[in-house]
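Presented below is the structure to which this report refers.
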Amino acid sequence: MIVKTDFQRGDAGALVDYIKYDRKAEEQRVPVRDPSGRDLSDADLEQFVERSEAKGMERHFIISPDPDATMSSTDLDRGTRRLLSDWRSGRPSASYVYAIHDAGEKPHVHAAVIGQERDLWMGRDDVVELREQARDAFREADRLPTRERQQQGEREAIPESARGPSRDDVE
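Sequential numbering of the sequence shown, starting at 1, is according to full-length UniProt numbering.
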């Protein structure tokens, strides 16, 4: 699980414009959603940007599960809402919108979060904790093949004659 984040003063207008287009899908517009998962209209997005101007801070999250975890858009949607809902608790001024970019080889989510600086500030330990929470929220460990299954599959893909001697064959 990779979670990247940055934060800056100012409104979220440029960030919202950025996340609503999936560059891997030939600049195709993707739905931007609110915390309930509802697709937002352009008017809703404009209101979000206006609120960001009043709050004065924005944070950008990129949430990128391991590509081997095989997650659907629905999985990304639910995991994002679960993660950010948990993260937002105790941060009364924080609100967010998000967009799923799933056209490329590495599906990921962009979230634009607005709020007051005290609610959006995160130290290094906070980011590490968020990554662990993301693994749980997306149930990533359950979706990854185990190392044993992976190694077994690799062994089965190689013909026995090409494998060479095993440890038992060598004296």
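Every residue gets a Cβ at the ideal spot worked out from N, C-alpha and C, and that includes glycine.
{"Asked": "Complete runs of the beta strand (DSSP E) confined to the segment 86-144 [at least 3 residues]", "Found": "95-101 and 108-115"}
{"Asked": "Helix, strand or coil at arginine 149 [DSSP, three-state]", "Found": "Since pLDDT at arginine 149 reaches only 44, below the 50 mark, its modelled position is unreliable, and no value is offered."}
{"Asked": "Valine 49 and glycine 13 closer than 7 Å at C-beta", "Found": "yes"}
{"Asked": "Residues that aspartate 17 bridges to, as DSSP identifies them", "Found": "Answer by DSSP bridge pairing: none, since aspartate 17 is not bridged."}
{"Asked": "For arginine 38, three-class secondary structure by DSSP", "Found": "coil"}
{"Asked": "Distance between arginine 124 and alanine 99 (C-alpha atoms, nearest Å)", "Found": "25 Å"}
{"Asked": "Cβ-Cβ distance between methionine 1 and arginine 135 below 7 Å", "Found": "yes"}
{"Asked": "Residue from His108, Met71 and Asp86 whose Cα sits closest to the Cα of aspartate 126", "Found": "Asp86"}
{"Asked": "Which residues DSSP lists as bridging glutamine 28, in chain order", "Found": "Asp22"}
{"Asked": "heavy atom of the ligand HEM below 6 Å from threonine 74 C-beta", "Found": "The model depicted lacks the ligand HEM and carries no ligand whatsoever."}
{"Asked": "Contact set for aspartate 39: own chain, Cβ-Cβ below 7 Å, skip 5 residues either direction", "Found": "Pro31 and Arg33"}
{"Asked": "8 Å contact criterion, which serine 93 and glycine 115 should meet: CB distance rounded", "Found": "4 Å"}
{"Asked": "Simplified DSSP assignment, three categories, for serine 72", "Found": "coil"}
{"Asked": "As assigned by DSSP and simplified to three states, the class of aspartate 66", "Found": "coil"}
{"Asked": "Other residues of its chain near aspartate 119: CB distance less than 6 Å, five sequence neighbours each side excluded", "Found": "Arg91, Ser93 and Ala94"}
{"Asked": "Buried/exposed call for valine 128, threshold 16 Cβ in 10 Å", "Found": "exposed"}
{"Asked": "Valine 109 beta carbon less than 7 Å from that of leucine 130", "Found": "no"}
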